[in-house]
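Reviewing the structure listed below.
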Amino acid sequence: MNYAFAIISIVGFVITGGAAMFVFARNPREWLNQIFFAFATVVGWNNLFNFLVIIGRSPSSADLYNKLSNVCWLIFVAISLHFCVILARKDTPFIMRGILPIAYLSMLIMSYLNISTYWFYTLPQMTGWGYSAGLGKYYWVFVLFSMIFLLAQLWLLFSIWREAKSKREREQGRLLFIAMLLSFLFGSAFDVVLPIFGFFIQTLVPLATTSFVMIFGYAIVKYGFPGVTPSALAQNIISTMLDYLIFTDPHENVKLVNQNYLNEFGFSANEVIGRRFIDLHEHDHIGEHEIIISGMVRNGSVKNKEMWLLKKSGEKVPVTMDASLVVDEYGDEIGRLHIFHDISEERKLLLQQNEAIAELTKTKGRMLSILEDTTAARDEMTKLYEDLKVVDRLKNEFLSITSHELKSPLTPIYDYADILQKELLGPVNEKQKNALGIVKKQSEHLLKIIESLLEASRIEHGKPLKLEKEPVSFGDLLKEIIKVMQSQFDSRQIKLETDLPEDFPTLLTDPGKLSHLMTCLLENALKFTPKGGWVKVLGSRKDDTVEIQVVDNGIGLAREHLEEIFRRFFQVDTSYTRIAGGVGLGLTIVKEIVEAHGGKIWAESEGIGKGSRFCFTLPIEK
73 MNYAFAIISI VGFVITGGAA MFVFARNPRE WLNQIFFAFA TVVGWNNLFN FLVIIGRSPS
133 SADLYNKLSN VCWLIFVAIS LHFCVILARK DTPFIMRGIL PIAYLSMLIM SYLNISTYWF
193 YTLPQMTGWG YSAGLGKYYW VFVLFSMIFL LAQLWLLFSI WREAKSKRER EQGRLLFIAM
253 LLSFLFGSAF DVVLPIFGFF IQTLVPLATT SFVMIFGYAI VKYGFPGVTP SALAQNIIST
313 MLDYLIFTDP HENVKLVNQN YLNEFGFSAN EVIGRRFIDL HEHDHIGEHE IIISGMVRNG
373 SVKNKEMWLL KKSGEKVPVT MDASLVVDEY GDEIGRLHIF HDISEERKLL LQQNEAIAEL
433 TKTKGRMLSI LEDTTAARDE MTKLYEDLKV VDRLKNEFLS ITSHELKSPL TPIYDYADIL
493 QKELLGPVNE KQKNALGIVK KQSEHLLKII ESLLEASRIE HGKPLKLEKE PVSFGDLLKE
553 IIKVMQSQFD SRQIKLETDL PEDFPTLLTD PGKLSHLMTC LLENALKFTP KGGWVKVLGS
613 RKDDTVEIQV VDNGIGLARE HLEEIFRRFF QVDTSYTRIA GGVGLGLTIV KEIVEAHGGK
673 IWAESEGIGK GSRFCFTLPI EK
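All residue numbers for the sequence shown refer to the numbering used here, where the first residue is 73 and numbers rise by one.
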């Protein structure tokens, strides 16, 4: 007898049986652990029966053990296929309810044929290595059946390797696939390839299957299961949860702690496992801890209890604890699960909130004080505002009355100065003419100011501007205005030009108001254009309106003053305005005239010293 084969078989029985028990004992309730235990145990029995075949006392006893060995082999290939299906996550309803039942049924049929016939193996005979069965007439059916199951398992393990999403799954899948592939090749060489060529030697399949089970068990222990199983899921939750977890036995000795607790509190697992749970607490509050624990024992759980835990450095950490008793299926206590949540940040935020509330309370007091002062100031401002309204009303009345009173004597002064200057009442000398010219000019200037004040008074009282519209040729009206004002432009050597298209339309407007508008804009340009400058009047038609522009190269306007200049009494530069004359009402009246005709007016300028452009539009009424 060749004892090498017997030793391989009996050692394989011991190893596979030990691997089955070891993996199963890690978590007996795990479904995959149970399946692994089943097929590893069957492999062990297969090895044992192979050993008994070799040492059989007679052909009949060897025949019995050989048939039992083959049954164990058939059970192994069916159960290991089931295991690989679940491991590869291919446990769809079609496979679980269709393919696997067929596989198990075919296994039972093959097992029955193996026991009741000699189709697959002949009666064992004594050889140089002990009893060994020969190949039956339908041996290749048995081989083909086994090859189909083993190739399916190879495909499933390969899919685990190739479809893995994580490094752990890839490494485990590769290891399992290589183990199955080598075992498949090793067994095929002895039980398939060599018999084809007429070589019949003792099979080393026990060595291949034993190696396969050992590597499978190692992969399970090292990497766990790729699939999400209850135990793996629980382990992953414990290892990755952000809160701190401690499990103690009924005597308050620590049995399990998660990694986050160890990282945050500076302990190693050996420094915590086995210690009294109470030693991890801040000592000044141990009494409170004992009350909480007694409440948990009495009620089965506690929720959101505040306490302090100690770091290895001695630092105290405020936490809230949720804890519950863990009982077995019979209701007996097997331990206590404690989950702690660090509330350091919450306490800091609460402190900051309290400080903020205190500061807000102070601010509220200050604001109330300010509000009281503001209320008093508001009352004072209201009184001042009412006084100002009275003053403003008196001012308007004063302006109106004064303007009328001043206009009455100024009109005959202006007229008599004009009569005397023209020598209608007798001859005057040149010196007297010059004096009368000054009186006439200043009287005219005062009359214009009074007219502006009267217009301001009218606007203040909300009286609308009355228009007496008639067809007006703007070109002819402009020529008349320029004829009157030309001497003023010539005296300051300012060039005055006009540019109106020949087909410039006739306007339906108030000629007096339009003449006043253009005179005001030209006088404005004349005032603020330095000696030797130029002024242009441009006109154009745009759809149903005309646009007229008065452009100069004078002192210009700042961008922020382009809107303000149309406000009553607004003057950009008081010193220059005083030299040029005026009270700041001309452009206000101009704007009112334009808007009364249904038009718009605006000013443009690129800045101080870059001239200005006054534009207004008037509708063409048909």
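Backbone N, C-alpha and C fix where the C-beta goes; we use that ideal spot for every residue, glycine too. Only a predicted model underlies this, so the values are computations on that prediction, with no experimental measurement involved.
Local Cβ density within 10 Å of residue i, reported as buried at 16 or more and exposed below that
| i | result |
| --- | --- |
| residue 166 | exposed |
| residue 457 | exposed |
| residue 571 | exposed |
| residue 323 | exposed |
| residue 234 | exposed |
| residue 607 | buried |
| residue 116 | buried |
| residue 563 | exposed |
| residue 92 | buried |
| residue 152 | buried |
| residue 100 | exposed |
| residue 631 | exposed |
| residue 342 | exposed |
Whether residue i touches residue j by CB criterion (9 Å)
| i | j | result |
| --- | --- | --- |
| residue 330 | residue 318 | yes |
| residue 252 | residue 217 | no |
| residue 397 | residue 373 | yes |
| residue 592 | residue 690 | no |
| residue 113 | residue 281 | no |
| residue 193 | residue 139 | yes |
| residue 150 | residue 228 | no |
| residue 671 | residue 686 | no |
| residue 696 | residue 339 | This structure leaves residue 696 out entirely; the chain is present only between 73 and 694. |
| residue 347 | residue 325 | yes |
| residue 106 | residue 96 | yes |
| residue 291 | residue 247 | yes |
| residue 604 | residue 566 | yes |
| residue 634 | residue 675 | yes |
Whole-angstrom distance between residue j and residue i, CA atom to CA atom
| i | j | result |
| --- | --- | --- |
| residue 380 | residue 94 | 40 Å |
| residue 599 | residue 627 | 10 Å |
| residue 363 | residue 315 | 23 Å |
| residue 16 | residue 637 | Coverage of the chain is limited to positions 73 through 694, which leaves residue 16 absent and any answer about it impossible. |
| residue 299 | residue 256 | Because residue 299 carries a pLDDT of 47, less than 50, the predicted location of this residue cannot be relied on, and the following value inherits that uncertainty. Rounded to the nearest angstrom, the two C-alpha atoms are 24 Å apart. |
| residue 333 | residue 180 | 53 Å |
| residue 203 | residue 250 | 32 Å |
| residue 484 | residue 501 | 22 Å |
| residue 231 | residue 243 | 13 Å |
| residue 508 | residue 677 | 40 Å |
| residue 569 | residue 538 | 31 Å |
| residue 612 | residue 495 | 46 Å |
| residue 453 | residue 490 | 52 Å |
| residue 124 | residue 134 | 7 Å |
| residue 196 | residue 131 | 6 Å |
| residue 46 | residue 668 | There is no way to answer for residue 46, as the model of the chain reaches only from 73 to 694. |
| residue 487 | residue 629 | 38 Å |
| residue 620 | residue 439 | 56 Å |
| residue 285 | residue 222 | 14 Å |
| residue 511 | residue 662 | 28 Å |
| residue 384 | residue 336 | 10 Å |
| residue 375 | residue 394 | 4 Å |
| residue 209 | residue 185 | 13 Å |
| residue 214 | residue 108 | 24 Å |
| residue 198 | residue 78 | 14 Å |
Backbone secondary structure at residue i - three-state DSSP
| i | result |
| --- | --- |
| residue 210 | coil |
| residue 390 | strand |
| residue 571 | strand |
| residue 661 | helix |
| residue 348 | strand |
| residue 684 | strand |
| residue 342 | helix |
| residue 102 | coil |
| residue 327 | strand |
| residue 614 | strand |
| residue 500 | coil |
| residue 630 | coil |
| residue 608 | strand |
| residue 647 | Because the pLDDT of residue 647 is 48, which lies under 50, any placement of that residue in the model is unreliable, and the number read from its coordinates should be weighed accordingly. Looking at residue 647 - three-state DSSP - the assignment turns out to be helix. |
| residue 554 | helix |
| residue 487 | helix |
| residue 321 | coil |
Which parts of the region 365–432 are runs of the beta strand (DSSP E), unbroken and 3 residues or longer, counting only runs that do not cross its ends?
-> 373–382, 388–399, 405–414
Jot down the residue ranges of each uninterrupted alpha helix (DSSP H) in the region 160–236, minimum 4 residues, whole runs only, in chain order.
-> 172–188, 211–234
Note down, one range per segment and in chain order, each alpha helix (DSSP H) of at least 4 residues found wholly within the region 127–161.
-> 131–159
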